[in-house]
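Going down the list, the protein sequences come from chains A and B.
With the working numbering applied, the first sequence corresponds to residues 19 to 358, in that order.
With the working numbering applied, the second sequence corresponds to residues 19 to 358, in that order.
Where is the CB? At the ideal position from N, CA and C, for every residue including glycine.
Worksheet: the structure to be examined is printed underneath.
Protein chains: 2
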Amino acid sequence: MSPTIKDVAKAANVSIATVSLVLHDNERISPETKRRVLKSIKELNYYPFRSAQGLVSRKTGNIGFIITEEHFLRTEPFYTRVFLGAEFEARENDYYVLLATIKSSFKKSDPLPRFILERNFDGIVITGKVPEAFIKSLLKYKMPIVFIDYVPPFGDFPSVLIDNLRGGVLATEHLINNGYKDIAFIGGEISHPSIMERLQGYKLALERANNNSNGLIVTNDEYLTRQNGYKLAKELFDRRKDITAIFAANNPTAMGVMKYLTDNGKKIPDDVSIMSFDDVEAAMLINPPLTTIRVPKVEMGIEAVQLLMKIQKYNGKNNIAKKIIVPVELVIRESIKNIN
Amino acid sequence: MSPTIKDVAKAANVSIATVSLVLHDNERISPETKRRVLKSIKELNYYPFRSAQGLVSRKTGNIGFIITEEHFLRTEPFYTRVFLGAEFEARENDYYVLLATIKSSFKKSDPLPRFILERNFDGIVITGKVPEAFIKSLLKYKMPIVFIDYVPPFGDFPSVLIDNLRGGVLATEHLINNGYKDIAFIGGEISHPSIMERLQGYKLALERANNNSNGLIVTNDEYLTRQNGYKLAKELFDRRKDITAIFAANNPTAMGVMKYLTDNGKKIPDDVSIMSFDDVEAAMLINPPLTTIRVPKVEMGIEAVQLLMKIQKYNGKNNIAKKIIVPVELVIRESIKNIN
DNA sequence: TTATTTCAGTTAAACGTTTAACTGAAAATA
DNA sequence: TATTTTCAGTTAAACGTTTAACTGAAATAA
């Protein structure tokens, strides 16, 4: 049996209230008593029992981490790294993280993850695009929510977002700087704000460079998979055979494009240069390694939990829907040939 | 404020004890009363408060899921899928899963994950190879443990393991059936039981086929990474330039081998055939897609949690260290050429 | 000096649930 | 009929912690 607060109190010859106060760093306790209590705590290897704490304090000590099953199982460990960051920061704040996946086909009538139904969480982090029906169900619980890499089309929520616009600009400028003029943009899921912003960045950079590379945007609204990248590349080259530079909206898309190119006898980067977005390991390991815009994944998880902690602290008041934009960075590898 | 058991009792006009008994399906309650109570529960959308339950029942409702940080962040979502299976099965049993990563450099003096220190779990699943020092620290807590894809070199623990031996046999036989005689085995981390067993399977299949392909086993004890695969492939071809069939001990290794081959002008599978192990998505997406031994990852997670539940149930008595061996399966793709 | 304030704790109620022990009515048994 | 057993619940204690309200001694103020 684990020691309880009573055992500590007895050992330190104080009341259990004193032990509790020491545990919460209350200034009412003298240094000497505090020392004695802490000594007993250590000697007995005492840790407060969460359930008992939760019962009285009405805090659970849990934060939820929600992600669609599809995202969680993606080949690229993108959101996995985000989770790791969240878990790290939660631990720093004495919280546990409960991870739950939901289907991207979530309907209003579907049951919410158990820890939500049971109200066994103090706040929640939602990562990636999730169904609106899910968010609406969740809102009834009136719990703090932080979104990562996605903002729902309604309401105004605290969120941690990627600087997609700047990423799009950086990516496009790099291609321009390497001597390209006709630059194609390839991307699925165009209704996703992140992809839309990358496209905006692409357009902005072209404008700034007075580059008039029209009609080379090939998109649809299907998932950003390798298969879709392949399909979109085919579409692109069916329309324009002369393209030599492509900005692919994310990593799997870039890989699909590459597969299409090699299948059709084109060499990368000798015949076609490719710029990608996200920077997951696969980008580095493929041949040739992809030049890409890197997104700080672990940091996003950390930021999200920190934001959640702040929202909890100022609960109610000072309740600004704060948005944090994390920076991106250009990582140069071998998928782009300088033709200057 | 969420409704409590009191609210339900009042609504159904019974005592709180009756509500509790209904919740636990006690046969002491008449069907009529039970119906009434369940109706109130539903109407009020009542869920028992975990902390209160935990306080009296001394169960936390959590199970821990431990994995090294290195494994969790691997490019291949191998253990991620295992986790998903565990989470799914835990939910079925009304448990939460607390995921915690530890460093593979864990030392005796390092702190354990918080939920362990706080005893906030009813059992634990350990996935992949973890440091012995960690296991030894954990044992002091005398909690049920189930290992996945690893058994520590000491003690006898319940575990869910891959049928590596059969996998090794299947893989090697497939190469033999495709006309190969001189078959190389490449693998790192040779002290890991799983890899050792795959090697044993390889040897066994060769023996059975009266194939005498000696001196073609190239191993070391470094991690099973792409880099190491590359290195080992170099070592192999430095010694024997004529090898045309390779069995790589896992997926990254196979990819490293492939990279070495293409870097050295060899075509796959025309010049060299490659067999792999694990079957993660990457195996399918690489060019050419890898023929491989598939491991049922999600099922391993499910089995592990089921085993943990059983151990808890028969707590103490009937305490057999049960081992579950999950089957593997051959998945034929395009990395092996039939030369018969 | 006495009265007031500060200090350093202690006391006791409360949180929501489970469950052993109890109860009173109805049914079964003698 | 009187007694015992079964049924269908109820009562009340317990779990480990937090915290508002209290206390008694020492320090300060009047």
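Output the boundary residues of the beta strand (DSSP E) element that contains VAL178 of chain A.
177–180
Contact defined as beta carbons within less than 8 Å: I believe LEU217 of chain B pairs with VAL236 of chain B. What is the distance between those atoms, to the nearest angstrom?
In fact, because the Cβ distance is near 11 Å, the residues do not count as touching under 8 Å.
Please confirm whether VAL40 of chain A and THR86 of chain A have their CB atoms less than 7 Å apart.
No, the Cβ-Cβ distance between VAL40 of chain A and THR86 of chain A is not below 7 Å.
PHE139 of chain B - DSSP class collapsed to helix/strand/coil:
coil
For LEU102 of chain B, is the classification buried or exposed, using 16 other Cβ atoms within 10 angstroms of its Cβ as the cut-off for buried?
buried
Restricting to Cα atoms, I'd like to know which of B:ASN111, B:LEU135 and B:SER75 is closest to MET327 of chain B.
B:ASN111
Note down, in chain order, each residue of its chain lying with its Cβ closer than 6 Å to the Cβ of VAL187 of chain A, except the 5 sequence neighbours on either side.
GLY219, LEU222 and ALA223.
Compute the Euclidean distance between the alpha carbons of MET302 of chain B and ILE194 of chain A, then round it to the nearest angstrom.
34 Å
Just verifying my parser: in three-state terms, what is the DSSP assignment at TYR114 of chain A?
In the three-state reduction of the DSSP assignment, TYR114 of chain A falls in the strand class, which pools E and B.
Short CB-CB distance (under 7 Å) between ARG68 of chain B and chain A
Cβ-Cβ to chain A under 7 Å: yes for ARG68 of chain B.
Rounded C-beta distance between ILE264 of chain B and ALA202 of chain B? I'm assuming under 8 Å.
5 Å
I think ASP256 of chain A touches GLU207 of chain A, with their Cβ atoms under 8 Å apart; what is that distance to the nearest whole Å?
Not confirmed; about 21 Å, so no contact.
Go ahead and label GLY173 of chain A buried or exposed: buried means 16 or more other beta carbons lie within 10 angstroms of its beta carbon, across all protein chains shown.
exposed
Take every Cβ of the region 152–163 of chain B, pair it with every Cβ of the region 276–285 of chain B, and state whether three or more of those distances are shorter than 8 Å.
The region 152–163 of chain B, when compared against the region 276–285 of chain B, does not touch it at the 8 Å Cβ threshold.
Exposed or buried, which one is ILE142 of chain B when buried takes at least 16 other CB atoms within 10 Å?
Burial call: buried.
Short check: CB of ASP181 of chain B to CB of VAL298 of chain B, under 7 Å?
No. Outside cutoff.
Tell me, to the nearest whole angstrom, how far the beta carbon of THR309 of chain B is from that of ILE354 of chain B; I am working on the premise that it is less than 8 Å.
5 Å
Alpha-carbon to alpha-carbon, LYS28 of chain A and PHE360 of chain A:
Missing from the structure shown is residue 360 of chain A; chain A here goes from 19 to 358 and no further.
Taking 8 Å as the cut-off, does the region 114–123 of chain B touch the region 46–59 of chain B (at least 3 CB pairs, one atom from each stretch)?
Contact fails between the region 46–59 of chain B and the region 114–123 of chain B, because fewer than three Cβ pairs, one in each stretch, are under 8 Å apart.
Between which residues of its own chain and GLY197 of chain A is the CB-CB distance below 7 Å, once the five residues before and five after are set aside?
ASN356, ILE357 and ASN358
Where does ARG76 of chain A sit, in a helix, a strand or coil, going by DSSP?
coil
Look up GLY283 of chain B in the DSSP assignment and say whether it is helix, strand or coil.
GLY283 of chain B falls in the coil class under three-state DSSP.
For LYS277 of chain B, return the contacting residues in chain A, with the cut-off set at a CB-CB distance below 9 Å.
LEU303 and ASN305
Nearest-angstrom Cα distance between ILE47 of chain A and THR271 of chain B?
60 Å
Between which two residues does the beta strand (DSSP E) holding THR36 of chain A run?
It is not in any beta strand (DSSP E) - THR36 of chain A instead sits in the alpha helix (DSSP H) that spans 34–41.
Would you mind telling me which residues of chain B sit closer than 8 Å to GLU105 of chain A, beta carbon to beta carbon, in chain order?
LEU117, ALA118 and THR119
I'd like to know if PHE133 of chain B contacts chain A, where contact means its C-beta is closer than 7 Å to some C-beta of that chain.
yes
For a cutoff of 7 Å on Cβ pairs, would you count SER20 of chain A as touching chain B?
yes
Write down the C-beta distance between PHE96 of chain B and ALA189 of chain B rounded to the nearest angstrom, noting that I regard them as a contact closer than 8 Å.
About 17 Å separates the two Cβ atoms, so there is no contact after all.
Less than 7 Å between CB atoms is the rule here; does TYR65 of chain B satisfy it with respect to chain A?
Chain A, which has a Cβ nearer than 7 Å to the Cβ of TYR65 of chain B, makes this yes.
Chain B partners of THR280 of chain A, CB-CB under 8 Å?
ASN305
Three-state secondary structure (DSSP) of THR145 of chain B
strand
Just confirm the distance between the C-beta atoms of PHE133 of chain B and PHE124 of chain B, as a whole number of angstroms; I'd bet it's less than 8 Å.
About 16 Å separates the two Cβ atoms, so there is no contact after all.
List the DSSP bridge partners of ARG99 of chain B.
Its beta-bridge partners do not exist; DSSP assigns none.
Would you kindly work out how many angstroms separate the C-alpha atoms of GLU45 of chain B and VAL26 of chain B, rounded to a whole number?
19 Å
Between the CA atoms of GLY72 of chain B and ILE163 of chain B - distance to the nearest angstrom
20 Å
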